[in-house]
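Enquirer: Chains as they are written, first to last, in the UniProt record's numbering: chain A, 1 to 338; chain B, 1 to 338.
Glycine residues also receive a C-beta, built at the ideal position from the N, C-alpha and C atoms.
Below is a structure I'd like to ask you about.
Protein chains: 2
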Amino acid sequence: MSHAVSIQVQLVRRPSGWPVPEDFRTTEVTYGDLAPGQVRVANAFVSVDPYMRGRMNDVKSYAPPYALGETMTGGAVGRVVETTVEDLPVGTVVLHQHGWRDVAQEDAGTFRAVAEVAGAPLSLHLGILGMTGLTGYVGLTAIARIQPGDTVFVSGAAGAVGTAAGQIARLLGASRVVGSAGSAEKVALLTKRYGYDAALNYRDAPVREQLPALVPGGVDVFFDNVGGDHLEAALDAMNPGGRIALCGAIAGYNSTERTPGPDNLSNAITRGLTLQGFTLGGYGHLAPEFAEHMTGWFADGRIAYDETVVDGIENAVDALLGMMRGENTGKMVVAIGS
Amino acid sequence: MSHAVSIQVQLVRRPSGWPVPEDFRTTEVTYGDLAPGQVRVANAFVSVDPYMRGRMNDVKSYAPPYALGETMTGGAVGRVVETTVEDLPVGTVVLHQHGWRDVAQEDAGTFRAVAEVAGAPLSLHLGILGMTGLTGYVGLTAIARIQPGDTVFVSGAAGAVGTAAGQIARLLGASRVVGSAGSAEKVALLTKRYGYDAALNYRDAPVREQLPALVPGGVDVFFDNVGGDHLEAALDAMNPGGRIALCGAIAGYNSTERTPGPDNLSNAITRGLTLQGFTLGGYGHLAPEFAEHMTGWFADGRIAYDETVVDGIENAVDALLGMMRGENTGKMVVAIGS
Chain A
1 MSHAVSIQVQ LVRRPSGWPV PEDFRTTEVT YGDLAPGQVR VANAFVSVDP
51 YMRGRMNDVK SYAPPYALGE TMTGGAVGRV VETTVEDLPV GTVVLHQHGW
101 RDVAQEDAGT FRAVAEVAGA PLSLHLGILG MTGLTGYVGL TAIARIQPGD
151 TVFVSGAAGA VGTAAGQIAR LLGASRVVGS AGSAEKVALL TKRYGYDAAL
201 NYRDAPVREQ LPALVPGGVD VFFDNVGGDH LEAALDAMNP GGRIALCGAI
251 AGYNSTERTP GPDNLSNAIT RGLTLQGFTL GGYGHLAPEF AEHMTGWFAD
301 GRIAYDETVV DGIENAVDAL LGMMRGENTG KMVVAIGS
Chain B
1 MSHAVSIQVQ LVRRPSGWPV PEDFRTTEVT YGDLAPGQVR VANAFVSVDP
51 YMRGRMNDVK SYAPPYALGE TMTGGAVGRV VETTVEDLPV GTVVLHQHGW
101 RDVAQEDAGT FRAVAEVAGA PLSLHLGILG MTGLTGYVGL TAIARIQPGD
151 TVFVSGAAGA VGTAAGQIAR LLGASRVVGS AGSAEKVALL TKRYGYDAAL
201 NYRDAPVREQ LPALVPGGVD VFFDNVGGDH LEAALDAMNP GGRIALCGAI
251 AGYNSTERTP GPDNLSNAIT RGLTLQGFTL GGYGHLAPEF AEHMTGWFAD
301 GRIAYDETVV DGIENAVDAL LGMMRGENTG KMVVAIGS
């Protein structure tokens, strides 16, 4: 038993528009000896995710807004370094939601042991093997009800969820997978590394102008991480009966003014489209089914991934902002003590 | 056997914005003797419906656009006056889609005999007992998956589909039904005649300002006939997991400019909302189930209805325009030879 100092990042003010450093503070918490039932975990990686921006606002949602003055919660993976319980011995790899801190000390029930996967760094449990991959899987299956032979369009395709969604779509039988990204390098990555049939750079020309040529047979499933112009372009390209999984709208997360929605939403009526928003809140029951698929695909070498790693918990805010500016390829994570 | 002159209204030009008389022509067609397998029907009532405006445009949709130079198709009800087939004898009441004409002469297979309902004028087979009622039923059940205890908001609630949807929602177990309409008279009708718990006049103040006070527990199901500001207001008021049936967007049907969509569509993500557009095309299989419910409710005196009747097939265009301006209460129909 011993004391431990934990460096933690807290939200202290609700951002207006883009978050700024003054909206956060970095603080030190000193943990005492473990209480019965507690474990102490040294985090290896902490996740930064687009949904976190939404929770900084004080609005009605499935997930409550972040409390001011408390440490930012979110996904993290680490190893047990001290324990009081038998089923989480020292050295166990655990996932948890205690977020932006280098050391977490909490009740054992708030940590979940995960099986290490051969060849996979621990950070993948925050990414393609974890919430990120599950988000792609849930969006395509439970929300968009993907069918073999579907043409699938993914916006923000080079992001963490996007790279997962495109590959999962293919593995679930999509006949054509098309993505969008914000640089020539990312576009090349989509087709060369992630198996996309075609990709567009949304900075080259309006998506509405570029998309039709890439989906000559129309779009059956749209997995939307962006919203805005991407949703508008997709609504024009959807086939009758098409399904749209609304996963993110990063285009509007940091705007202080209300941004108008798609000008062609009435296509949903004439074409019988379904738009369904989701967060993982209601779909945890699909995690075992996803894990079975994904560990098999991963073991077979059928899953490519990239990560963008930022070092040091004190840089978590920068990592989040960089991710929202699109500076990452694949999952953005913060490495601790590496 | 005999010849017959049929007065018919045809679309001759695709409207830009609001249709004008010059977009149509009234013409006389002379039918010869019946060919084997044909029947001749004298229409009693012809339907004018919001979806017709959409089909005047040349756009991708479940339903093909109206052909120029051909008679406007659409729902109509009449009686067989001459026949060549045994199962449709003279006097049979039939429904068909031959539309804006006073006399129809076509293959017997394009007409469907309907059972007359005691106490119901034939026009109701175009309204609450027919497509209009079915639209409300499909939107609430197959699309919005209404549950007992739901709070339901209906836009355009004094229109044909709206009056049906509000009553059906109540009969299917909604605990609170709220509607919008465009005049004080219609608002009064909603609460006094159609069983709405509360109603708002969208001309009094922005819907976004008026709605929250009428739905203190939030909205579970939104049946949208209007789009625009109504959809925006509803998205703000929806409860997590809420379902939106997109049935019509009459607010935008006649605009020549693209109108921006709701500025709060990202609520669909954070609240896990589903927006599903529909037309009746894919839901004909629910007609028998609907008919069983509705004839029972009607016989029990639990269904109120209004109709706005315009006389003469030559006034069909005026009837359509009046309906789109909101001059009708309940179903707008054109009476023939009354």
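Mapping the DSSP letters down to three states, classify Glu-327 of chain A as helix, strand or coil.
Expert: Three-state DSSP puts Glu-327 of chain A in coil, outside helix and strand.
Enquirer: So, using beta-carbon positions, are Phe-153 of chain A and Val-117 of chain A closer together than 7 angstroms?
Expert: No. Outside cutoff.
Enquirer: What in chain B is Cβ-close to Gly-162 of chain A, meaning under 8 angstroms?
Expert: What Gly-162 of chain A touches in chain B: nothing, since even the nearest Cβ is about 15 angstroms away.
Enquirer: Where Asn-225 of chain A and Ala-157 of chain A are concerned, what is the direct C-alpha to C-alpha distance, given to the nearest angstrom?
Expert: Approximately 8 angstroms, taken between the alpha carbons.
Enquirer: Check whether the Cβ atoms of Ala-42 of chain B and Val-93 of chain B sit closer than 7 angstroms, and answer yes or no.
Expert: No, Cβ-Cβ distance for Ala-42 of chain B and Val-93 of chain B is not below 7 angstroms.
Enquirer: Could you round the C-beta distance between Val-138 of chain B and Leu-286 of chain B to whole angstroms and report it? I think they count as a contact, below 8 angstroms.
Expert: Indeed they touch by this definition, with Cβ atoms about 6 angstroms apart.
Enquirer: Under 7 angstroms, Cβ to Cβ, is there at least one residue of chain A near Pro-216 of chain B?
Expert: No, Pro-216 of chain B does not count as interfacial toward chain A.
Enquirer: For the segment 271-291 of chain A, list every residue whose C-beta sits within 9 angstroms of some C-beta in chain B, in sequence order.
Expert: Per Cβ criterion, the list reads Arg-271, Gly-272, Leu-273, Thr-274, Leu-275, Gln-276, Gly-277, Phe-278, Thr-279, Gly-281, Gly-282.
Enquirer: Helix or strand or just coil, what does DSSP make of Val-138 of chain A?
Expert: Reduced to three states, the DSSP call for Val-138 of chain A is helix.
Enquirer: If contacts are defined as beta-carbon pairs under 8 angstroms, then Ala-108 of chain A and Leu-88 of chain A qualify, I think. What distance do you get, rounded to the angstrom?
Expert: Sure, about 5 angstroms apart at Cβ, within 8 angstroms.
Enquirer: Alpha carbon to alpha carbon, how far is Ser-6 of chain B from Asp-204 of chain B?
Expert: C-alpha separation (whole angstroms): 45 angstroms.
Enquirer: Whose Cβ in chain B lies nearer than 8 angstroms to the Cβ of Thr-259 of chain A?
Expert: Under the 8 angstroms cutoff, chain B gives Asp-263.
Enquirer: Identify every residue that forms a DSSP beta bridge with Ala-76 of chain B.
Expert: For Ala-76 of chain B, which the question treats as bridged, DSSP gives the partners B:Val-46, B:His-96.
Enquirer: Please classify Pro-288 of chain B: is it buried, with 16 or more other beta-carbons within 10 angstroms of its beta-carbon, or exposed?
Expert: Label assigned to Pro-288 of chain B: exposed.
Enquirer: Please determine, among A:Ala-304, A:Val-333, A:Arg-302, A:Gly-326, the residue with the shortest C-alpha to C-alpha distance to Val-310 of chain A.
Expert: Val-310 of chain A has its Cα closest to that of A:Val-333, out of A:Ala-304, A:Val-333, A:Arg-302, A:Gly-326.
Enquirer: State the beta-bridge partners of Ser-6 of chain B as determined by DSSP.
Expert: Ser-6 of chain B is bridged to B:Val-29.
Enquirer: Would a check of beta-carbon distances place Leu-246 of chain B closer than 7 angstroms to chain A?
Expert: Yes - at least one Cβ of chain A is within 7 angstroms of the one on Leu-246 of chain B.
Enquirer: Using a Cβ-Cβ distance under 7 angstroms, would Gly-159 of chain A count as near chain B?
Expert: Output row for Gly-159 of chain A: interface = no.
Enquirer: When the cut-off is 7 angstroms and only beta carbons count, does Gly-156 of chain B lie next to chain A?
Expert: Not closer than 7 angstroms to any Cβ of chain A, the Cβ of Gly-156 of chain B fails to qualify, so no.
Enquirer: Over the uninterrupted alpha helix (DSSP H) stretch that includes Met-56 of chain A, give me the two end residues.
Expert: Here Met-56 of chain A belongs to no alpha helix (DSSP H), and DSSP marks it neither H nor E.
Enquirer: Take Phe-223 of chain A as the anchor and find which of A:Thr-151, A:Thr-191, A:Leu-321, A:Glu-86 has the nearest alpha-carbon.
Expert: Nearest C-alpha to Phe-223 of chain A: A:Thr-151.
Enquirer: Could you give the DSSP three-state label for Ile-244 of chain A: helix, strand or coil?
Expert: Strand.
Enquirer: Shortest alpha-carbon distance to Glu-22 of chain A belongs to which of A:Gly-69, A:Leu-34, A:Ala-35, A:Pro-65?
Expert: When each option's Cα is compared against that of Glu-22 of chain A, the closest is A:Gly-69.
Enquirer: Between Ser-155 of chain B and Phe-45 of chain B, how many whole angstroms is the CB-CB distance? I'm expecting something under 8 angstroms.
Expert: 26 angstroms between Cβ atoms; not a contact.
Enquirer: Verify the CB distance criterion: does Ile-269 of chain A have a CB-CB separation below 7 angstroms to chain B?
Expert: Cβ-Cβ to chain B under 7 angstroms: yes for Ile-269 of chain A.
Enquirer: Along chain A, in chain order, which residues have C-beta atoms closer than 9 angstroms to that of Gly-54 of chain B?
Expert: Result: Ser-266, Ile-269, Thr-270.
Enquirer: Can you list, in chain order, the residues of its chain with a C-beta nearer than 8 angstroms to that of Arg-271 of chain A? Leave out the 5 residues immediately preceding and following it.
Expert: Correct list, in chain order: Met-238, Asn-239, Pro-240, Gly-241, Gly-242.
Enquirer: Check whether the Cβ atoms of Lys-331 of chain B and Thr-191 of chain B sit closer than 7 angstroms, and answer yes or no.
Expert: Result no, Cβ atoms of Lys-331 of chain B and Thr-191 of chain B do not sit closer than 7 angstroms.
Enquirer: Go ahead and label Val-215 of chain B buried or exposed: buried means 16 or more other beta carbons lie within 10 angstroms of its beta carbon, across all protein chains shown.
Expert: Counting Cβ neighbours within 10 Å, Val-215 of chain B comes out buried, since at least 16 surround it.
Enquirer: Assuming Leu-200 of chain B and Ser-175 of chain B form a contact by the criterion Cβ under 8 angstroms, report the distance between their Cβ atoms to the nearest whole angstrom.
Expert: Wrong, their Cβ atoms sit about 19 angstroms apart, outside the cutoff.
Enquirer: Return helix, strand or coil for Ala-118 of chain A, following the three-state DSSP convention.
Expert: DSSP places Ala-118 of chain A in coil when its eight states are reduced to three.
Enquirer: Note down, in chain order, each residue of its chain lying with its Cβ closer than 7 angstroms to the Cβ of Arg-145 of chain A, except the 5 sequence neighbours on either side.
Expert: The answer, listed in chain order, is Arg-243.
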